[in-house]
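What follows is one structure encoded as C-alpha cells, with my remarks underneath.
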Amino acid sequence: MAAGEFQEHSIPWEIQKFSQRVGEGFEGLWGGGPDIPNPSAPPEWISRLLFWIILTGMVIIVGRWLYLLLRPYMRPFLDSLFPTQLQASEAVTPSLTMSDWLTRSRQAQQRGQYGEACHALYMAVLHHLDQQNLIPLDPSRTDGEYLSLTCHLDRPNPYQFIIRTHERLRFGQAQISAEECDRCWQAYDELNRP
C-alpha cells in the first residue's frame, strides 16, 4: 500500500468489533456498567406482569396438552377411584345394546338410509369395543379420540374405517352410498373373524 492509503475493512478487524459489541451488550444486561435509566423501557411492573401472563399461558397450554395426551390412559384409573362418576356416565349412555344397534343398521340399510345405517353400525362398534374391554364407552369421546385409541389394537383398520366413515358422515356432511355402507359392514365382519 502506498503512503496515505489504508485498508478500510478486514476480517480480523470485523470479528474484533463484533466481539466487542457482544461483550458490551452482555455487560449492559448483567449490570457491568452504571445504572442508567432507559426512558424507552416500560415500567418494571408492566414487565413483570407480562412475564407472569406469558408464563401462565404457557403452563395452561402445556397442561391442556398433557391432559389430552394422558386422558385415555388415566380414564380406567380414575373410574376405579371414583365409581360414582362411572355410574353417572353409564346413566348418560344410550340404553340400546350392540345387537339393537346392529338391527337398526340393517333396517336402515334395507330402507335405503345408508347414512343412518352407518351411524347405527358405528354405535354398535363402540359397544363392541366396550364389551370386549378394549376401549370403554364414553359419550364425551370424539371420533378423533377413538381413532387414536384404536391405533393400539391388534386389528385397527376395520375400526378406523367405520369411525372415519362416521366422521365424514356427521362432520363432513357426506352422503353415504350403498357401496360404502356395504364396505362398513365388511369392516364390521372383519372384527368378528378369529
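Numbering-wise, the working numbering puts 1315 at position 50 of the sequence shown, and it's gapless, one number per residue. Yeah, the Cβ is synthetic: ideal placement off N, Cα and C, and Gly gets one too.
| Query | Result |
| --- | --- |
| For Gly1290, the three-state DSSP class (helix, strand or coil) | helix |
| Three CB pairs or more closer than 8 Å across the stretch 1420-1432 and the stretch 1445-1456 | yes |
| When Leu1414, Arg1313 and Ile1428 are compared against His1384, the one with the closest alpha-carbon | Ile1428 |
| First through last residue of the alpha helix (DSSP H) which encompasses Asp1419 | Here Asp1419 belongs to no alpha helix (DSSP H), and DSSP marks it neither H nor E. |
| Pair within 8 Å by beta-carbon distance, Asp1395 and Leu1386 | no |
| Three-state class that DSSP yields for Ile1400 in the structure shown | coil |
| Separation of Gln1440 from Leu1391, as counted between CA atoms | 22 Å |
| As assigned by DSSP and simplified to three states, the class of Phe1283 | helix |
| Helix, strand or coil at Leu1361 [DSSP, three-state] | coil |
| First through last residue of the alpha helix (DSSP H) which encompasses Ser1413 | Asp1408 to Thr1415 |
| For Arg1286 and Ile1280, the rounded distance between their alpha carbons | 10 Å |
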